[in-house]
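Report on the following structure.
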Amino acid sequence: MRELRRYYLCVGLLLIWGLLLAGCGKEHRFVTKHTFKGTNNIVISFAAPVDESWARDSANYAVYEKSDPDILLKITGVTLSTDKKTVTLTFEDELNQQQHHILLMKEIMSGGRSQGTAIVTAKKLYFGYLLSILLGAMLIQNFVFTKYLGLCVFFGTSQKKSTAIGMGITFTIVMIFSSMMSWFLYQYVLKPFRLDFLQIVVFIGLVSLSVQAVDTILRKVNPLLFKAFGVFLVLVIANCIILAVPLILANNEYNAWESLMLATGAGTGFLIALFLMSSVRERLEIANIPPTYRGLPIAFVVAGLFALAFMGFSGMSIF
Amino acid sequence: MCPAVGISTSVMNGLLLGIAVLFVQVFSGCTIAAVKDYIHPRIRIPTYTLTIATWVTVIDLVLAAYMPEAYKAMGIFVKLIVAFAIITMRLEMFAAKNPVVPSFWDGMGMGLGFMFGMMTLGFVRELLGSGTLFGHDVLGFGPLLFFVLPAAGFFCVGFMMALFNYLELVLNRMKEKKG
């Protein structure tokens, strides 16, 4: 009973917190909504119809990225909806939607009266951003099919479905471990001491270390699991994805959550690729293939077809 | 194997990566050959990996300093030379058993072979994809954009492997006839 009460209390507190956040989220009483639309548009909604002469003048708007307040983004067009409550700003360049954008509107005129100057921040939901990193690494920028990484292991272990799944799972686990460790090491050791040029040496050492550690721990703790997955552990070191992800994390200065998402995405992406490929190759075993194409050549052609299919994901953005 | 498909969109990229691999192969081969008597056999593989990683770092920094544009085009692939199984394998098979000078020539041979393969692939893809060679217009028009796309790399490698298999088959048949 007591636990149930505690549970309710938690939910209640969370709700109140959410409501407070929602209340504080509104930055100006007259501007009700402002979001990104497409690659270079921002849509602003107002509480009441605004004057057309004010809205159409692009000099009344100033937009800049929060990190670079000196660089004003160039507005090429302003369109007003028919009910005069929504304004769409079109920008010359693509907006970097990962950045927070500050929107400044001078002296909003509505019904001939000024509503004051509004400064609001347009940003993406952080959770959505994290999910987009995950999906991006998994499907849109699949490491195997669009970045060509990890091919040796990909072609080596995709002959049977069971092997493929075992390899994929082992790989995902080692991937998350090693990339989180290397992220930590890079952010808190290499960067403060200005040793970033050592990243290749450190990362490869760390990967082989963590593989060895997982190997030893698994052997003692769960011999059954070790029998199933132990074979793949050695192969994981030879995979370039496992080295590429820490390098990408270091280059892009991701934070801990983003790193976790990228590592998970890369791992599951590899698992998906392996599974798809092994399903096809099991069928290829019984197919009648010209002798010159038997083995690897046909596998490469199949991978090319998958890569073509995966191109369909490019340009997709859900959040 | 990964970069063979990854950045072989032009001859220049293929050549540069080939040179980078050549240098790494030669230098790490010589290093291992020189110090092989001091390496404990049980830790030899990690030692090879770290040696390769060191030389890759050197090549990476040199490229970044002297050829910034080409370096940008190759992106992360230069750093990923570390994960080339072929280099480690060659060190284990040759450099660990032979003195410095033969290891040098062995590395040269391996690197040149790889460079040649990369350039052939780059040649095919650049010619068919954008109609140029080394950035110079050869055909005068861009025939098939498809060949510069990621997917085409897989197709090209697959077809080239099949071609080599076919040649081998033909050669074997000729030998049998002679025999």
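Residue numbers (this note's numbering), protein chains in the order written: chain Y, 51 to 369; chain R, 5 to 183.
Where is the CB? At the ideal position from N, CA and C, for every residue including glycine.
Just so we're clear, the structure is a prediction, and the values are computed from it rather than from any experiment.
For residue i, the three-state DSSP class (helix, strand or coil)
| i | result |
| --- | --- |
| Phe142 (chain Y) | Checking the displayed sequence, the identity of residue 142 (chain Y) turns out to be Glu instead of Phe. If DSSP states are grouped into helix, strand and coil, Glu142 (chain Y) belongs with coil. |
| Gly365 (chain Y) | coil |
| Val194 (chain Y) | coil |
| Lys83 (chain R) | helix |
| Gly88 (chain Y) | coil |
| Glu303 (chain Y) | coil |
| Ser228 (chain Y) | helix |
| Ala166 (chain R) | helix |
| Ser164 (chain Y) | strand |
| Met159 (chain Y) | strand |
| Leu199 (chain Y) | coil |
| Leu137 (chain R) | strand |
| Gly75 (chain Y) | The predicted model places Gly75 (chain Y) with a pLDDT of 49, which falls under 50 and marks its position as unreliable, so this point remains unresolved. |
| Ile339 (chain Y) | coil |
| Leu245 (chain Y) | coil |
| Val30 (chain R) | helix |
| Gly218 (chain Y) | helix |
| Thr13 (chain R) | coil |
| Ile292 (chain Y) | helix |
Residue i versus residue j: straight-line alpha-carbon distance, rounded
| i | j | result |
| --- | --- | --- |
| Glu157 (chain Y) | His151 (chain Y) | 19 Å |
| Ser260 (chain Y) | Gly218 (chain Y) | 17 Å |
| Asp246 (chain Y) | Val60 (chain R) | 14 Å |
| Thr85 (chain Y) | Tyr236 (chain Y) | 35 Å |
| Phe204 (chain Y) | Thr140 (chain Y) | 44 Å |
| Val170 (chain Y) | Ile298 (chain Y) | 32 Å |
| Arg129 (chain R) | Ala263 (chain Y) | 43 Å |
| Gly18 (chain R) | Ala87 (chain R) | 18 Å |
| Leu324 (chain Y) | Lys211 (chain Y) | 8 Å |
| Ile339 (chain Y) | Thr126 (chain Y) | 57 Å |
| Asn169 (chain R) | Phe360 (chain Y) | 29 Å |
| Met159 (chain Y) | Leu240 (chain Y) | 53 Å |
| Lys76 (chain R) | Glu102 (chain Y) | 47 Å |
| Phe376 (chain Y) | Leu268 (chain Y) | A query on residue 376 (chain Y) cannot be resolved here, the shown segment of chain Y reaching from 51 to 369 and no further. |
| Leu171 (chain R) | Met164 (chain R) | 11 Å |
| Asn289 (chain Y) | Val251 (chain Y) | 16 Å |
| Ala337 (chain Y) | Val352 (chain Y) | 13 Å |
| Asn90 (chain Y) | Tyr114 (chain Y) | 13 Å |
| Thr82 (chain Y) | Leu293 (chain Y) | 46 Å |
| Gly200 (chain Y) | Ala98 (chain Y) | 56 Å |
| Gln149 (chain Y) | Val137 (chain Y) | 21 Å |
| Val224 (chain Y) | Thr314 (chain Y) | 10 Å |
| Gly73 (chain Y) | Trp67 (chain Y) | Confidence at Gly73 (chain Y) is low in this model, with a pLDDT of 49, below 50, so the placement of that residue should be treated as unreliable; the coordinate-derived value is given next. C-alpha separation (whole angstroms): 10 Å. |
| Ala74 (chain R) | Ile23 (chain R) | 13 Å |
| Val66 (chain R) | Met78 (chain R) | 14 Å |
| Val161 (chain R) | Lys270 (chain Y) | 43 Å |
Residue i, buried or exposed, once every other Cβ within 10 Å from all chains shown has been counted against 16
| i | result |
| --- | --- |
| Phe243 (chain Y) | exposed |
| Asn301 (chain Y) | exposed |
| Thr92 (chain R) | buried |
| Ser14 (chain R) | buried |
| Val284 (chain Y) | exposed |
| Arg46 (chain R) | exposed |
| Trp233 (chain Y) | buried |
| Arg331 (chain Y) | buried |
| Thr222 (chain Y) | buried |
| Asp41 (chain R) | exposed |
| Asp64 (chain R) | buried |
| Gly75 (chain Y) | Any reading at Gly75 (chain Y) must be qualified, since the residue scores a pLDDT of 49, below 50, and its modelled position is unreliable; no value is offered. |
| Lys83 (chain R) | buried |
| Tyr52 (chain R) | buried |
| Ala57 (chain R) | buried |
| Leu312 (chain Y) | buried |
| Pro296 (chain Y) | buried |
| Arg94 (chain R) | buried |
| Gly365 (chain Y) | exposed |
| Ala306 (chain Y) | exposed |
Host alpha helix (DSSP H) of residue i (start-end)
| i | result |
| --- | --- |
| Phe96 (chain Y) | It is not in any alpha helix (DSSP H) - Phe96 (chain Y) instead sits in the beta strand (DSSP E) that spans Asn91 to Phe96. |
| Tyr42 (chain R) | Counting along the chain, Tyr42 (chain R) falls outside any alpha helix (DSSP H), and DSSP gives it neither H nor E. |
| Pro347 (chain Y) | Leu346 to Phe360 |
| Lys277 (chain Y) | Pro273 to Ile287 |
| Val62 (chain R) | Arg48 to Tyr70 |
| Lys189 (chain Y) | For the sequence presented, residue 189 (chain Y) should be read as Leu rather than Lys. Looking at the DSSP string, Leu189 (chain Y) is not in any alpha helix (DSSP H), and its letter there is neither H nor E. |
| Gly178 (chain Y) | Tyr176 to Leu185 |
| Glu96 (chain R) | Where Glu96 (chain R) is concerned, there is no enclosing alpha helix (DSSP H), given that its DSSP letter is neither H nor E. |
Extent of the continuous beta strand (DSSP E) run through residue i
| i | result |
| --- | --- |
| Leu154 (chain Y) | His151 to Met155 |
| Gly15 (chain Y) | Since the first residue of chain Y shown is 51 and the last is 369, residue 15 (chain Y) is not available in this structure. |
| Ala112 (chain Y) | Tyr111 to Glu115 |
Contact between the region 107 to 115 of chain Y and the region 55 to 62 of chain Y: three or more CB pairs below 8 Å? no
Could you say if the region 194 to 201 of chain Y and the region 320 to 329 of chain Y meet the contact criterion of at least three C-beta pairs nearer than 8 Å? yes
Examine the Cβ distances between the region 118 to 137 of chain Y and the region 177 to 188 of chain Y and report whether three or more of them are shorter than 8 Å. no
Does the region 100 to 110 of chain R come within contact of the region 33 to 40 of chain R, defined as at least 3 CB pairs closer than 8 Å? yes
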